[in-house]
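There are 2 protein chains.
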Amino acid sequence: MALEHAILVSLSERAASGLDLTRRFDKSIGYFWTASHQQIYRTLSRMEKDGWVRSEVVAQQGRPDKKVYDVTAAGREELGRWLAAPTPAQPLRSELMVKFRAASYGDREQVLDLARAKLAEHRDLLALYEGIEQRDFPKPDGLAGRELDMYLVLRGGVRMEQFWIDWLTEYLDAHTRAHTKDER
Amino acid sequence: MALEHAILVSLSERAASGLDLTRRFDKSIGYFWTASHQQIYRTLSRMEKDGWVRSEVVAQQGRPDKKVYDVTAAGREELGRWLAAPTPAQPLRSELMVKFRAASYGDREQVLDLARAKLAEHRDLLALYEGIEQRDFPKPDGLAGRELDMYLVLRGGVRMEQFWIDWLTEYLDAHTRAHTKDER
DNA sequence: ACACCTCTTGCAACTCGTTGCATAGGTCCC
DNA sequence: GGGACCTATGCAACGAGTTGCAAGAGGTGT
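Protein sequences, first through last, are from chains A and B. All residue numbers for the first sequence refer to this note's numbering, where the first residue is 3 and numbers rise by one. All residue numbers for the second sequence refer to this note's numbering, where the first residue is 3 and numbers rise by one.
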């Protein structure tokens, strides 16, 4: 399981409540690991029971109290252990690829429309990531340590979106060419 | 859910038993959608109950009987419906990216070793896919229809592996450079 | 006073996927 | 005949993740 470790990473950067974490998983960390708020609350409870984090109730003005979580020494130890452990291969799982392979059993034109929609989605995501890259890392050459790590993960996101765009373009081009040939 | 649809696609290509399907999910289809045999048997039962497939017990010589499944008209209809339906965005989920981002909270050298191991894995996969590409599609230019679909999905696999290789190489290079600088 | 909004935490039920095991028929070999 | 192994199907239990809903606390509007 990696959600508890993703939470440990996020809490290592800064202590947070369940809702704070939920918001972080909606942006930065969420770009490469997603989680719903229910999942986060449930996991936080288990982690506290296991002694990886401890919580403190903090009163707020004009808002309900919140429970702020913090990583314990045991949590830091677990994080280090997990970091060094081999990562199991995550098999590729793409609904889109299943559909592309199945296109001849349905309406091909609609599948091409799906491809065009996905292409637009991935172009938007690429623009988002490149915007963050230019805003937060205008000069990547001098980076080191934690900042370099964050930059390189973002680069992974950029490259991933570029992959989708390139492949979907190849897909659409090839089918456009095949279709044109049929018409002649 | 896409497993039932992946099964419909595979059964559309050719009728099969649960174990046949398990073997297909270990190779061709499995390159972009995986499933264990228990999952397949369970899903086949449900699909038969829903009327998407029908089964026939076939006696074999020297082996236990097998139940061969076949797509019904309702199954073909469902497949067509699913093909045209929009595909929800699948958020990226990469344990490796979480680890890379967290490297400063553990032993960085071990994380670099993980990256090198992943790089080797993806090089192997790329070689596998490129081997299939050259064996099955030596002349991709004339392809159309179902063969073109299969070729293009394979191209997606090749490009995906190439993405991992390129990014991991960038990651290792950047950290090698940062480390060298520290030493000076 | 009352309805209604947001913030924060959480429960319950469900689906999806994995792991471990069971069963039953059959071959091959010693 | 006994044991190892393969084919084929399946159950049970668990863990991970999603969806829907609830409840309390505090604010705002009329």
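Beta carbons are placed, not taken as given, at the ideal position from N, Cα and C, and that holds for glycine.
Which of the three DSSP states is assigned to residue i in this structure?
i, result
"A:S47", "helix"
"A:S30", "coil"
"A:K101", "helix"
"B:K141", "coil"
"A:R56", "strand"
"A:A4", "coil"
"A:Q62", "strand"
"A:S38", "coil"
"B:A18", "strand"
"B:D67", "strand"
"B:D109", "coil"
Relative to the C-alpha of residue i, which residue among the options is closest?
i, options, result
"B:A87", "A:K101, A:G77, A:R148, A:A75", "A:K101"
"B:E97", "B:A176, B:A105, B:P90", "B:A105"
"A:A76", "A:K51, A:F27, A:L130", "A:K51"
"A:L35", "B:A4, B:M99, B:E123", "It should be pointed out that residue 35 of chain A corresponds to Trp in this sequence rather than to Leu. When only C-alpha atoms are compared, the closest one is B:M99."
"A:D175", "B:T182, B:S47, B:L145", "B:L145"
"B:H181", "A:H177, A:R148, A:L170, A:T171", "A:R148"
"A:V4", "A:D143, A:I31, A:E15, A:G53", "Going by the sequence as given, residue 4 of chain A is Ala instead of Val. Answer by Cα proximity: A:I31."
"A:K120", "B:P93, B:H177, B:R110, B:L130", "B:P93"
"B:A18", "B:R44, B:S57, B:Q112", "B:S57"
"B:A122", "A:D109, A:A91, A:R179", "A:A91"
"A:D115", "B:D115, B:D126, B:T89", "B:T89"
"B:H177", "B:E79, B:R78, B:Q112", "B:Q112"
"A:R78", "B:R16, B:E79, B:D109", "B:D109"
"A:L130", "A:Q40, A:K29, A:R179", "A:K29"
Could you name the residues of chain B that residue i contacts, counting a contact when the two beta carbons are closer than 9 Å?
i, result
"A:F139", "Correct list: empty, because the minimum Cβ distance to chain B is about 12 Å."
"A:R95", "A4, F34, W35, T36, Q92"
"A:A176", "P142, L145, L150, Y153, L154, R157"
Leaving out the 5 sequence neighbours to the left and right, which residues in its chain are closer than 7 Å to residue i when beta-carbon positions are compared?
i, result
"A:W84", "H7"
"B:L128", "V160, E163, Q164, I167"
"A:G53", "T74, A76"
"B:E132", "V160"
"A:R95", "none"
Taking Cβ to Cβ, would you say residue i is nearer than 7 Å to residue j?
i, j, result
"A:A117", "A:Y173", "yes"
"A:K69", "A:V55", "no"
"B:L81", "A:Y107", "yes"
"B:R26", "B:S12", "yes"
"B:R48", "A:D151", "no"
"B:T24", "B:I9", "no"
"A:G20", "A:L46", "yes"
Using the beta-carbon of each residue, which ones in chain B are nearer than 7 Å to residue i?
i, result
"A:H39", "Neighbours of A:H39 on chain B: none; closest Cβ ~15 Å, over 7 Å."
"A:L98", "T89"
"A:Y173", "L154"
Mind listing the chain A neighbours of residue i? Cutoff is C-beta to C-beta under 8 Å, in chain order.
i, result
"B:G53", "Correct list: empty, because the minimum Cβ distance to chain A is about 18 Å."
"B:V11", "V100, R103, A104, Y107"
Could you pull out every residue in the same chain whose Cβ sits closer than 6 Å to the Cβ of residue i, ignoring the five residues on either side in sequence?
i, result
"A:D138", "none"
"A:P142", "Y153"
"A:S14", "V73"
By Cβ distance, which residues of its chain are closer than 8 Å to residue i, with the 5 residues on each side in sequence left out?
i, result
"B:L154", "none"
"A:R157", "E135"
"A:H124", "E163, W166, I167, L170"
"B:Q62", "K68"
What residues of chain A sit near residue i, judged by a beta carbon separation below 9 Å?
i, result
"B:E123", "A91"
"B:A119", "P88, T89"
"B:Y71", "Per Cβ cutoff of 9 Å: no residues; B:Y71 is ~16 Å from chain A at best."
"B:A61", "Neighbours of B:A61 on chain A: none; closest Cβ ~30 Å, over 9 Å."
Strictly below 7 Å CB to CB, what residues from chain A border residue i?
i, result
"B:G147", "S106"
"B:A135", "Inspection of the sequence shows that residue 135 of chain B is occupied by Glu rather than by Ala. Near B:E135 there are no residues of chain A at all, since even the closest Cβ is about 13 Å away, more than 7 Å."
"B:M162", "L94, F165"
"B:S2", "Outside the shown range of chain B (3 to 186) lies residue 2 of chain B, about which nothing can therefore be said."
"B:A76", "Neighbours of B:A76 on chain A: none; closest Cβ ~14 Å, over 7 Å."
Got a sec: does the ligand FAD put a non-hydrogen atom nearer than 6 Å to the Cβ of residue i?
i, result
"A:W169", "With respect to small molecules bound, the structure shown includes none, and the ligand FAD cannot be examined in it."
Quick one: list the residues of chain B neighbouring residue i, beta-carbon separation under 8 Å, in chain order.
i, result
"A:Q112", "L85, A86"
"A:G82", "Y107, G108, D109"
"A:F102", "D151, L154, V155, G158"
"A:D168", "R161"
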